[in-house]
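Numbering (full-length UniProt numbering), first residue to last: 1 to 134.
C-beta atoms are modelled at their ideal positions from N, C-alpha and C, and glycine is treated no differently.
Just so we're clear, the structure is a prediction, and the values are computed from it rather than from any experiment.
See below for the structure under consideration.
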């Protein structure tokens, strides 16, 4: 692979942004859980899944969308509207598309160096989101 060229995040495919954003959210959740709970790795993983599933990300995005800037909303919609060949087993197409949009936004924020904004949104999510709500 030739790595001499760095691609501007605004030019990346929304699914490539979601690829990165998925990891960003997972790392934030894993870190928060590990820092604040004394559980085995297996139990930590069970809790983590409550935050990173397509259905959970759909609900998280709904909580956070009122906080999105206009530019963030455009990036979210780009990801949400990206074509998908498949959907998650335990999520509706609407939930899956919204979760992809949310991951796209997190990936874009991360790749554009806006980690303070990622953490701001994540802190708001952590305070408002109930992972046990159906």
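Within 7 Å, strictly: CB atoms of residue i and residue j
{"i": "residue 54", "j": "residue 96", "result": "yes"}
{"i": "residue 102", "j": "residue 61", "result": "yes"}
{"i": "residue 20", "j": "residue 113", "result": "no"}
{"i": "residue 50", "j": "residue 131", "result": "yes"}
{"i": "residue 73", "j": "residue 121", "result": "no"}
{"i": "residue 135", "j": "residue 34", "result": "Only positions 1 to 134 of the chain appear in this structure, which leaves residue 135 out of reach."}
{"i": "residue 82", "j": "residue 15", "result": "yes"}
Between the CA atoms of residue j and residue i - distance to the nearest angstrom
{"i": "residue 38", "j": "residue 90", "result": "29 Å"}
{"i": "residue 75", "j": "residue 52", "result": "19 Å"}
{"i": "residue 116", "j": "residue 27", "result": "15 Å"}
{"i": "residue 99", "j": "residue 78", "result": "12 Å"}
{"i": "residue 23", "j": "residue 123", "result": "17 Å"}
{"i": "residue 36", "j": "residue 30", "result": "10 Å"}
{"i": "residue 119", "j": "residue 92", "result": "28 Å"}
{"i": "residue 128", "j": "residue 58", "result": "14 Å"}
{"i": "residue 32", "j": "residue 94", "result": "28 Å"}
{"i": "residue 45", "j": "residue 25", "result": "14 Å"}
{"i": "residue 8", "j": "residue 69", "result": "20 Å"}
Counted within 10 angstroms of its Cβ, other Cβ atoms place residue i as buried (16 or more) or exposed
{"i": "residue 67", "result": "exposed"}
{"i": "residue 80", "result": "buried"}
{"i": "residue 133", "result": "exposed"}
{"i": "residue 10", "result": "exposed"}
{"i": "residue 56", "result": "buried"}
Minimum Cβ-Cβ distance from residue i to chain D less than 7 Å
{"i": "residue 21", "result": "In summary, chain D is missing from the structure at hand, where a single protein chain is found."}
* Secondary structure, beta strand (DSSP E): runs of 3+ residues fully inside the segment 55-133 -> none
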